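**Student:** Below is one structure. I have some questions about it.
2 protein chains.
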Amino acid sequence: MSTIKELSAITGVSKSTISRVINNDANVSEKTRRLVLDAIQETNYTPNIIARSMITGKLPIVLIIVGDILNYHFAKTVVGIEKVLSDTDYMPVVFNSMYNEEKEQKLLDMAKQFKFAGVIPMTATGSSQLARVFHDMDIPMVLVNKKMKRSEFDAVIADEYEASYTATSELIKNGHKRIAYLSGQNAKSRISREREQGYREAMEDHGIPIDESIIYPAFLDIPSGYRIAKEIFKDKSITAICANNYLMAAGVNQYAAEIGKQPLADYDIACCESISEIYAKDIIYAGSDLQQIGETAAELLLKRMKGSKESPQTITFSVTQVFNPKTADNKKTGRKR
Amino acid sequence: MSTIKELSAITGVSKSTISRVINNDANVSEKTRRLVLDAIQETNYTPNIIARSMITGKLPIVLIIVGDILNYHFAKTVVGIEKVLSDTDYMPVVFNSMYNEEKEQKLLDMAKQFKFAGVIPMTATGSSQLARVFHDMDIPMVLVNKKMKRSEFDAVIADEYEASYTATSELIKNGHKRIAYLSGQNAKSRISREREQGYREAMEDHGIPIDESIIYPAFLDIPSGYRIAKEIFKDKSITAICANNYLMAAGVNQYAAEIGKQPLADYDIACCESISEIYAKDIIYAGSDLQQIGETAAELLLKRMKGSKESPQTITFSVTQVFNPKTADNKKTGRKR
DNA sequence: GTGAAAGCGCTAACAA
DNA sequence: TTGTTAGCGCTTTCAC
Numbered sequence: 000m001s002t003i004k005e006l007s008a009i010t011g012v013s014k015s016t017i018s019r020v021i022n023n024d025a026n027v028s029e030k031t032r033r034l035v036l037d038a039i040q041e042t043n044y045t046p047n048i049i050a051r052s053m054i055t056g057k058l059p060i061v062l063i064i065v066g067d068i069l070n071y072h073f074a075k076t077v078v079g080i081e082k083v084l085s086d087t088d089y090m091p092v093v094f095n096s097m098y099n100e101e102k103e104q105k106l107l108d109m110a111k112q113f114k115f116a117g118v119i120p121m122t123a124t125g126s127s128q129l130a131r132v133f134h135d136m137d138i139p140m141v142l143v144n145k146k147m148k149r150s151e152f153d154a155v156i157a158d159e160y161e162a163s164y165t166a167t168s169e170l171i172k173n174g175h176k177r178i179a180y181l182s183g184q185n186a187k188s189r190i191s192r193e194r195e196q197g198y199r200e201a202m203e204d205h206g207i208p209i210d211e212s213i214i215y216p217a218f219l220d221i222p223s224g225y226r227i228a229k230e231i232f233k234d235k236s237i238t239a240i241c242a243n244n245y246l247m248a249a250g251v252n253q254y255a256a257e258i259g260k261q262p263l264a265d266y267d268i269a270c271c272e273s274i275s276e277i278y279a280k281d282i283i284y285a286g287s288d289l290q291q292i293g294e295t296a297a298e299l300l301l302k303r304m305k306g307s308k309e310s311p312q313t314i315t316f317s318v319t320q321v322f323n324p325k326t327a328d329n330k331k332t333g334r335k336r
Numbered sequence: 000m001s002t003i004k005e006l007s008a009i010t011g012v013s014k015s016t017i018s019r020v021i022n023n024d025a026n027v028s029e030k031t032r033r034l035v036l037d038a039i040q041e042t043n044y045t046p047n048i049i050a051r052s053m054i055t056g057k058l059p060i061v062l063i064i065v066g067d068i069l070n071y072h073f074a075k076t077v078v079g080i081e082k083v084l085s086d087t088d089y090m091p092v093v094f095n096s097m098y099n100e101e102k103e104q105k106l107l108d109m110a111k112q113f114k115f116a117g118v119i120p121m122t123a124t125g126s127s128q129l130a131r132v133f134h135d136m137d138i139p140m141v142l143v144n145k146k147m148k149r150s151e152f153d154a155v156i157a158d159e160y161e162a163s164y165t166a167t168s169e170l171i172k173n174g175h176k177r178i179a180y181l182s183g184q185n186a187k188s189r190i191s192r193e194r195e196q197g198y199r200e201a202m203e204d205h206g207i208p209i210d211e212s213i214i215y216p217a218f219l220d221i222p223s224g225y226r227i228a229k230e231i232f233k234d235k236s237i238t239a240i241c242a243n244n245y246l247m248a249a250g251v252n253q254y255a256a257e258i259g260k261q262p263l264a265d266y267d268i269a270c271c272e273s274i275s276e277i278y279a280k281d282i283i284y285a286g287s288d289l290q291q292i293g294e295t296a297a298e299l300l301l302k303r304m305k306g307s308k309e310s311p312q313t314i315t316f317s318v319t320q321v322f323n324p325k326t327a328d329n330k331k332t333g334r335k336r
């Protein structure tokens, strides 16, 4: 690791001029520029971005915070972000919070010292506080799947309402009328509320009365799906289930398997988010293109990092991923404001 | 963000002494220590690890390099690493190389400037070169699933031979005799070689002759599995398939679904690695505990970062995760040197 | 015990 | 066009 100091010694040019060359300052004669450039070549010199960041207050690194690295949802979005960033000088780095506040606090401490060029928080839980802090630190930020009041911040979100509306509609297309819904907890998040609403309206729009007793609020995890499945399968009139998210759907299928029931054969199940093309085989789904969401978030962030002072915008992605083996539905495309 | 300088101004104590207090130096009187500590409390001061790293040459951050963040294999291992590290002052940060050399090069440049406390490279492809560089930079490192010659480095690996031996044996237990094997490419990696060997020996140990014509070398991805499945299903005598990895198995299932065949019903398929408990339903598998591998890697790294100069060791994990719905096999436990 | 001074690698005035 | 100086926030001699 050679330094500016060494280059100075080799070339006989002052450190400042070396710095000028590195930073493409116009005020350097062609002669000295050549000289320095050659020395840089020879010594394999790379400027130390850390030392630089202490002065400039900017590190060319974008921090991506995910709630759970094992979750396809996050991982796929990260891929989109990285795709866009890989064409730039910014380096994406991922931090996995595991929805853990303590970890997020530690992260925040770190973030204050590293002067990240930008940050994309995707952790469902604490992101409001996180967002606040990053905003106060004046570091460019784009929220993903987190709509804040009055949209003070840039955000890219999926149309949750449309996802569940579509997922429910697919079930109806498949001939179902009595469709149970697995919703979020009592104190519903925005996403859970919107998804439930989509289910309700899809049912109504198709003239199917809503039976409140087969709308089940629960945690958004596998055990919840499993537990509720026990209830649901007692009611022989229910032929299909629409689950808030993939995990709940997986829980349902888990229980179904235990009692010898096959999805698509004995019942239909859908969820309101995109799932990995690798895994999804018996779960109907509708959702936005996660990678595209990531890409858009990165593009928005890029603009901000370049200094754009436009007022914050929220981009909503409509449903472009629909999977229903019974109708062989195809994917659509589209992006919505 | 208060600084040491501010603290000095507030307390009237010199910067050096403040530094001493922060670093728990014994040579500070109780009185001044109290004074400084109080000021730290009040100002909410946190030492800047970056500035510190410029002098000490150590940043309390552990770099985890994965080849593909979407891959359960990597993600699950990361979770293990993070679990161990979360009890320490080290902060794990993930970099996703996407098996891309260019990205890895960029990463290397960055790594030289950040003085990471430790690194865990898990990227299948370039990790040999990466390992070399990190080793030369004298930064503590633990390799995961990469066995290097003469074990110059610490490493934690899964017993690939045992995984495929077990996976194949499960298929045999299920009554199969004519079992196709989906192997790695011609220039096989160590892992592919060991897995193929496990298949061969399991077959032999059960007195089943090996038919070289149904051992298919290919890329380790979904399209390969899909393509080969076309061949395999032409041969009605083949009743089961053992795939090198999950992706190939998924590819097989994909084609099977298209021609109306059901895994577990019409054929059995197994793969030689652990899969997410969420997704695995119709694929038999045998593999090591990935999270445990991550935890062990982190523990090893922790020792090195504390300065241990023991000679490098390689820890091999035996198969503890076996899934076979037809026999309801249970998980075993164990760790092997 | 404590402080002054130097320096990590770099940039940013300010002179010249 | 170039060099000098100061300084980012911290640690580390080396005196006192």
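Residue numbers (numbering that gives the first Met the number 0), protein chains in the order written: chain B, 0 to 336; chain Y, 0 to 336. For glycine and all other residues, C-beta sits at the position ideal for the given N, C-alpha and C. Please read all numbers here as calculations on a predicted model, not as lab measurements.
#1: Which class does Ala256(Y) belong to by DSSP, given the choice of helix, strand or coil?
#2: Please classify Ile64(Y) as buried or exposed, where buried requires at least 16 neighbouring CB atoms within 10 angstroms.
#3: Tell me which residue opens and which closes the beta strand (DSSP E) that Gly79(Y) is part of.
#4: Would you call the segment 4-17 of chain Y and the segment 304-323 of chain B touching, i.e. three or more CB-CB distances under 8 Å?
#5: Bridge partners for Asn95(Y) per DSSP, in chain order?
#6: Any idea if Ser191(Y) is buried or exposed, counting beta-carbon neighbours within 10 angstroms, 16 or more meaning buried?
#7: Pull up the CB-CB distance for Ile60(B) and Tyr98(B), whole angstroms please, since I reckon it's below 8 Å.
#8: If Ile178(B) sits next to Cys271(B), beta carbons under 8 Å apart, how far is it from one beta carbon to the other, in whole angstroms?
#9: Given that Gln320(Y) touches chain B, what residues does it touch there, using C-beta distances under 9 Å?
#10: How many whole angstroms separate the CB atoms of Ala201(B) and Thr238(B), which I take to be in contact at a CB cut-off of 8 Å?
#11: Helix, strand or coil for Thr122(B), going by three-state DSSP, please let me know.
#12: By the 10 Å Cβ neighbour count, where 16 or more other Cβ atoms means buried, how is Arg336(B) classified, buried or exposed?
#13: Under 6 Å Cβ to Cβ from Ile231(B), same chain only, skipping five residues before and after it: list those, please.
#14: Taking all protein chains shown into account, do 16 or more other C-beta atoms lie within 10 angstroms of the C-beta of Gln261(B), making it buried, or fewer, making it exposed?
#15: Using the beta-carbon of each residue, which ones in chain B are nearer than 9 Å to Phe94(Y)?
#16: Do you know offhand how far Tyr164(B)'s Cα is from Glu193(B)'s?
#17: Please check the pair Ile292(Y) and Val141(Y), which I expect to be a contact at CB under 8 Å, by giving their CB distance rounded to whole angstroms.
#18: Pick out whichever of Phe218(Y), Glu29(Y), Leu129(Y) and Ile171(Y) has its Cα sitting closest to the Cα of His205(Y).
#19: Report back the beta-carbon spacing between Leu58(B) and Ala110(B) to the nearest angstrom; my notes put them in contact at under 8 Å.
#20: Taking the alpha carbon of Tyr284(B) as the reference point, which residue from Gln290(B), Ala269(B) and Arg189(B) has its own alpha carbon closest?
#21: Leu337(B) CB to nearest chain Y CB: under 8 Å?
#22: Show which residues of chain Y have a CB atom less than 8 Å away from the CB atom of Pro296(B).
#23: Are any of the Cβ atoms in chain Y nearer than 8 Å to that of Leu6(B)?
#24: Should Arg303(B) be labelled buried (16 or more other beta-carbon atoms within 10 Å of its own) or exposed?
#25: Return the chain-ordered list of same chain residues with a C-beta closer than 7 Å to the C-beta of Ala248(Y), the five sequence neighbours on each side being excluded.
#26: Going straight from the alpha carbon of Ile54(Y) to that of Leu62(Y), what length do you get?
#27: Could you check where the beta strand (DSSP E) with Ser182(Y) kicks off and where it finishes?
#28: Please determine, among Ser287(B), Leu301(B) and Val20(B), the residue with the shortest C-alpha to C-alpha distance to Ile156(B).
#29: Which residue's Cα is closest to the Cα of Ile221(B): Asp210(B), Lys235(B) and Asn252(B)?
#30: Cutting at 7 Å between CB atoms, please list the residues of its own chain near Ile3(B), excluding the five before and the five after it.
#31: Between Ser1(Y) and chain B, is there a C-beta pair that is closer than 8 Å?
#32: Tell me, which residues are paired with Cys241(B) by DSSP?
#33: Between Val83(B) and Glu298(B), which are expected to be in contact by the criterion C-beta below 8 Å, what is the C-beta distance as a whole number of angstroms?
#34: Under the rule that 16 or more other beta-carbon atoms within 10 Å means buried, what is Gly197(B), buried or exposed?
#35: Name, please, each residue of chain B whose Cβ falls closer than 7 Å to the Cβ of Ala288(Y).
**Tutor:** Looking at the coordinates:
#1: One-based indexing of the second sequence puts residue 256(Y) at position 257. DSSP places Ala256(Y) in helix when its eight states are reduced to three.
#2: Along the second sequence, read from residue 1 onward, the residue named residue 64(Y) stands at position 65. By the 10 Å Cβ count, Ile64(Y) comes out buried.
#3: As a first step, residue 79(Y) is located in the second sequence; it is residue number 80 there, counting from the start. Premise fails: Gly79(Y) lies in the alpha helix (DSSP H), Tyr71 to Leu84, not in any beta strand (DSSP E).
#4: no
#5: Residue 95(Y) sits at position 96 when you count from the first residue of the second sequence. Val65(Y), per the DSSP bridge assignment.
#6: Within the second sequence, numbered from 1, the residue matching residue 191(Y) stands at position 192. Ser191(Y) is buried by the Cβ-count criterion.
#7: Counting from one through the first sequence, the residue named residue 60(B) turns up at place 61. Counting from one through the first sequence, the residue named residue 98(B) turns up at place 99. Not confirmed; about 23 Å, so no contact.
#8: Residue numbering aside, residue 178(B) sits at position 179 when the first sequence is read from its first letter. Residue numbering aside, residue 271(B) sits at position 272 when the first sequence is read from its first letter. With a Cβ gap of about 13 Å, Ile178(B) and Cys271(B) do not count as contacting.
#9: Taking the second sequence and counting its residues from 1, one reaches residue 320(Y) at position 321. Under the 9 Å cutoff, chain B gives no residues; its nearest Cβ is about 16 Å from Gln320(Y).
#10: Taking the first sequence and counting its residues from 1, one reaches residue 201(B) at position 202. Taking the first sequence and counting its residues from 1, one reaches residue 238(B) at position 239. At roughly 16 Å, the Cβ-Cβ gap does not stay under 8 Å, so Ala201(B) and Thr238(B) are not in contact.
#11: As a first step, residue 122(B) is located in the first sequence; it is residue number 123 there, counting from the start. Of the three classes helix, strand and coil, the one that applies to Thr122(B) here is coil, per DSSP.
#12: Sequence index remark: in the first sequence, residue 336(B) carries index 337 (1-based). Only weak support is given to the placement of Arg336(B): the predicted model assigns it a pLDDT of 35, under 50, and the question is left unresolved by the model.
#13: By 1-based counting over the first sequence, the position of residue 231(B) is 232. Correct list, in chain order: Ala179 and Ile237.
#14: To locate residue 261(B), count along the first sequence from 1; it is residue 262. Flag for Gln261(B) reads exposed.
#15: As a first step, residue 94(Y) must be located in the second sequence, where it is residue number 95. Here the neighbours are Met90, Pro91, Val92 and Val93.
#16: Stepping through the first sequence from its first residue, residue 164(B) is reached at position 165. Stepping through the first sequence from its first residue, residue 193(B) is reached at position 194. Roughly 10 Å between the two C-alpha positions.
#17: For the purposes of this step, residue 292(Y) is identified with residue 293 of the second sequence, where counting begins at 1. For the purposes of this step, residue 141(Y) is identified with residue 142 of the second sequence, where counting begins at 1. Actually they do not touch by this definition, with Cβ atoms about 10 Å apart.
#18: By one-based count along the second sequence, residue 205(Y) stands at place 206. Taking only the C-alpha atoms, the option nearest His205(Y) is Ile171(Y).
#19: Working through the first sequence from its first residue, we reach residue 58(B) at position 59. Working through the first sequence from its first residue, we reach residue 110(B) at position 111. Not quite, the Cβ-Cβ distance comes to about 10 Å (not below 8 Å), so this is no contact.
#20: Here residue 284(B) is taken as the residue at index 285 of the first sequence, counted from 1. Selected option, being the one with the closest Cα: Ala269(B).
#21: No information on residue 337(B) is available, as it lies outside the stretch 0 to 336 that chain B covers here.
#22: Taking the first residue of the first sequence as position 1, residue 296(B) is located at position 297. Reading off the sequence shown, one finds Ala at residue 296(B), where the question assumed Pro. By Cβ distance, chain Y contributes nothing, its closest Cβ being about 16 Å from Ala296(B), past 8 Å.
#23: By one-based count along the first sequence, residue 6(B) stands at place 7. With its beta carbon at least 8 Å from every one in chain Y, Leu6(B) lies outside the interface.
#24: Looking up residue 303(B) in the first sequence gives position 304. By the 10 Å Cβ count, Arg303(B) comes out buried.
#25: For the purposes of this step, residue 248(Y) is taken as residue 249 along the second sequence, with counting starting at 1. Correct list, in chain order: Gly224, Ala242, Ile268, Cys270 and Ile282.
#26: Counting from 1 along the second sequence, the entry for residue 54(Y) is found at position 55. Counting from 1 along the second sequence, the entry for residue 62(Y) is found at position 63. Answer to the nearest angstrom: the Cα atoms are 20 Å apart.
#27: The residue you call residue 182(Y) lines up with position 183 of the second sequence. In the DSSP annotation of this structure, the continuous segment of the beta strand (DSSP E) that includes Ser182(Y) starts and ends at Ile178 to Ser182.
#28: On the first sequence, residue 156(B) is found 157 positions in, with the first residue counted as 1. Among Ser287(B), Leu301(B) and Val20(B), the Cα nearest to that of Ile156(B) belongs to Ser287(B).
#29: To locate residue 221(B), count along the first sequence from 1; it is residue 222. Considering only alpha carbons, the answer is Asn252(B).
#30: Here residue 3(B) is taken as the residue at index 4 of the first sequence, counted from 1. Same-chain partners within the cutoff: Lys14, Ile17 and Ser18.
#31: Walking along the second sequence from the start, residue 1(Y) turns up at place 2. It does not: the Cβ of Ser1(Y) has no partner Cβ on chain B nearer than 8 Å.
#32: Position 242 of the first sequence, counting from 1, holds the residue named residue 241(B). For Cys241(B), which the question treats as bridged, DSSP gives the partners Tyr180(B) and Ala269(B).
#33: As a first step, residue 83(B) is located in the first sequence; it is residue number 84 there, counting from the start. As a first step, residue 298(B) is located in the first sequence; it is residue number 299 there, counting from the start. Indeed, because the Cβ distance is near 6 Å, the residues count as touching under 8 Å.
#34: If you number the first sequence from 1, residue 197(B) lands on position 198. The residue is buried, with at least 16 neighbouring Cβ atoms inside 10 Å.
#35: The residue labelled residue 288(Y) in the question sits at position 289 within the second sequence. Residue identity check: residue 288(Y) is Asp in the sequence provided, not Ala. Ordered by position in chain B, no residue passes the 7 Å Cβ test against Asp288(Y), which lies about 15 Å from the chain.
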